[in-house]
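Student: Quick one: structure below, then a few questions.
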Amino acid sequence: MADARTMLHRPMTSRSPDEPHRAATPLELFFDLCFVVAVAQAAAQLHHAIGENHIGQGVLGFAMVFFAIWWAWVNFSWFASAYDNDDVAYRLTTLVQIAGALILAAGVPRAFSDGDYKLITLGYVVMRLAMVTQWLRVRRDDPPRRATATRFAAGIALVQLGWVLRLLLPPQWGIGSFLVLVVCELLVPIFAERGRPTRWHPHHIAERYSLFTLIVLGESVLAATVAIQAASGTGYTTALIWLAAAGLVIVFAMWWLYFDRSAHDLLTSFQRAYRWGYGHYFILASAAAVGAGLAVVADHDTHMSHVSGVVAAYAVAVPVAVYLLSLWLLQVCPHHRGLVVYAFPVTVVLVLLAPFTPAPIQVIAVLLAALVAVVVLAGSRPGPANAD
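With numbering that gives the first Met the number 0 as the guide, the letters of the sequence shown map in order to residues 0 to 387.
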């Protein structure tokens, strides 16, 4: 009976950042899997927008939708690292956040086709207001961080009011108001953590980001596989077979480069954590976009798209380049020195030139495989991980 009462309610007090053997929970893994539904929807719409030669609209829509997905995931993950008490109320609130992510996913097609962000906004606000209730529990149960929790709850709630009011603005104000609210969202943690910051677990945070990156890369493999299967029609052409092989090498190399070394020892201060955590928007978004790009190339190879071969190839080259550059800034430069540090920007330049070659996707695959070889053969000599 005592265990049942404990499960129903546990105080939302801070967990120790030195807690041994801290790992992702089944609820966190379920949370990630459900969020990838929204990622898949965004990537699919990006694929169709580029294939129909609506490139600017597609890229902008993808960037906006992915921010909503990513930011809700980030806030949950860092909060859970500090305060996951796994009682009934915590679990139910997390399930509400998952429901919000699925509402958001349902609104993605309409946002891309009609510019209608009502359903996406509803799903996003549901996720974020659920987080407000979590912070209110912290405010009650963790007196040393009551001011921090109050700032979080108030800041998140005010920004959600801004997202709702944004729906009333004329269309020409859409991008500007979106950017303003994004800045406000990003500033809330910086503002709230002043004074008595939360106590997140570095190993746990590094694992959570690694797992989500892994799932997003897997979604890219799935998206590309489905697109190649659909494009094959009655039979697989030589071009599609080579594309499938090159696409696998690209995603395998992206996985290898990200997981070359754990990033937990980079999270030694709040300044470093913010830079590393916020910078992952570009790693995760580009990883998801690679699958969409491979699908665009499959459409082009089977004459089902409205873009040139160079444009189709850039649908893969650009996200790969963004991925490599982001990884280089966030994890390679702090961890490595010597040849590996120089190999990444050189590869980025060569990847961006690859679309002008006769077999661009295969060239990109060879370049990434060569970069992996450099990382392995160079021995990954550790650099000044604690240097700014």
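Yeah, the Cβ is synthetic: ideal placement off N, Cα and C, and Gly gets one too.
Can the beta-carbon of A316 be found less than 8 angstroms from the beta-carbon of I282?
Tutor: no
Student: Just reading off the alpha helix (DSSP H) that R138 is part of, what are its end residues?
Tutor: 117 to 140
Student: Return helix, strand or coil for W199, following the three-state DSSP convention.
Tutor: coil
Student: First and last residue of the alpha helix (DSSP H) that includes S325?
Tutor: 308 to 326
Student: Please state the DSSP three-state secondary structure of P16.
Tutor: coil
Student: Take E184 and list the residues in its own chain whose beta-carbon comes closer than 7 angstroms to its own, dropping the five residues that flank it on each side.
Tutor: Within the same chain, W70, V158 come within 7 angstroms of E184 by CB-CB distance, once the 5 residues on both sides are set aside.
Student: Sorted by chain position, which residues of the same chain lie with C-beta nearer than 6 angstroms to A42's C-beta, five sequence neighbours on each side aside?
Tutor: Contacts found: A222, A287, G290, A291.
Student: To the nearest angstrom, how far is the alpha carbon of A368 from that of A244?
Tutor: Their backbone Cα atoms lie some 12 angstroms apart in a straight line.
Student: Where P354 and Q361 are concerned, what is the direct C-alpha to C-alpha distance, given to the nearest angstrom?
Tutor: 10 angstroms
Student: Which word fits H20, buried or exposed, when buried means at least 16 other C-beta atoms lie within 10 angstroms of its C-beta?
Tutor: By the neighbour-count definition (other C-beta atoms within 10 Å, threshold 16), H20 is an exposed residue.
Student: For D31 and S76, what's the separation of their Cα atoms in angstroms?
Tutor: 10 angstroms
Student: Using C-beta distances below 6 angstroms, list every residue in its chain close to G57, excluding the 5 sequence neighbours before and after it, in chain order.
Tutor: L45, A48, I49
Student: Just how far apart, CA to CA, sit M0 and N84?
Tutor: With a pLDDT of only 42 at M0, under the threshold of 50, the placement of this residue in the model should not be trusted, and no figure is reported.
Student: Among the residues of its own chain, which have a CB less than 7 angstroms from the CB of E18, if the five just before and after it don't count?
Tutor: H200
Student: Taking one C-beta from the stretch 92 to 100 and one from the stretch 108 to 115 each time, how about it: are there three or more such pairs within less than 8 angstroms?
Tutor: Flag = no, the stretch 92 to 100 and the stretch 108 to 115 do not touch.
Student: Out of R198, L59, A146, I227, state which residue places its alpha-carbon closest to the alpha-carbon of R14.
Tutor: Looking from the CA of R14, the closest CA among R198, L59, A146, I227 belongs to R198.
Student: Can you give the Cα-Cα distance for D264 and T92, rounded to whole angstroms?
Tutor: 31 angstroms
Student: Just checking my contact of F29 with I68 at CB under 8 angstroms: how many whole Å lie between their CB atoms?
Tutor: Between I68 and F29 the Cβ distance is about 16 angstroms, and since that is not below 8 angstroms, they are no contact.
Student: Go to V73, then tell me how far its alpha helix (DSSP H) extends in each direction, as first and last residue.
Tutor: 54 to 82
Student: Since I believe L216 is in contact with W254 (beta carbons under 8 angstroms), could you give me their beta-carbon distance rounded to a whole number of angstroms?
Tutor: That belief holds up - the Cβ atoms of W254 and L216 are roughly 6 angstroms apart, short of 8 angstroms.
Student: Kindly list the residues whose CB is nearer than 7 angstroms to the CB of T12, restricted to its own chain and excluding five residues on each side of it in sequence; keep chain order.
Tutor: D140, D141
Student: Within the chosen definition, does the stretch 324 to 337 reach the stretch 204 to 215 through at least 3 CB pairs nearer than 8 angstroms?
Tutor: no
Student: If A252 and L370 are in contact, beta carbons under 8 angstroms, what's the gap, nearest whole angstrom?
Tutor: 7 angstroms
Student: Can you tell which of A104, G114, R271, A226 has the C-alpha that lies nearest to the C-alpha of Q171?
Tutor: G114
Student: Apply the 10 Å Cβ neighbour rule to F449 and answer buried if 16 or more other Cβ atoms are within range, or exposed otherwise.
Tutor: Residue numbering for the chain in the displayed model covers 0 to 387; residue 449 lies beyond these limits and cannot be assessed.
Student: Considering only C-alpha positions, which residue in the set A262, L247, R260, F66 is nearest to I119?
Tutor: F66
Student: Is the CB-CB distance between T154 and V187 below 8 angstroms?
Tutor: The sequence given here places Gly at residue 154; Thr does not occur at that position. Yes. Within cutoff.
Student: Whose C-beta lies closer than 7 angstroms to the C-beta of A238 among residues of the same chain, with five residues either side of it excluded?
Tutor: D300
Student: Under 8 angstroms by Cβ, that's how I've got A152 and L168 pegged, so tell me the actual separation to the nearest angstrom.
Tutor: That pair is no contact at about 26 angstroms.
Student: Can you list, in chain order, the residues of its chain with a C-beta nearer than 7 angstroms to that of N74? Leave out the 5 residues immediately preceding and following it.
Tutor: M130
Student: Helix, strand or coil: how does DSSP classify L91 here?
Tutor: helix
Student: Under the rule that 16 or more other beta-carbon atoms within 10 Å means buried, what is G276, buried or exposed?
Tutor: So G276 ends up on the buried side.
Student: Quick check on DSSP: helix, strand or coil for L167?
Tutor: Coil.
Student: Put R336 into one of helix, strand or coil per three-state DSSP.
Tutor: coil
Student: Determine the burial state of V375: buried for a count of at least 16 other Cβ atoms within 10 Å of its Cβ, exposed for fewer.
Tutor: exposed
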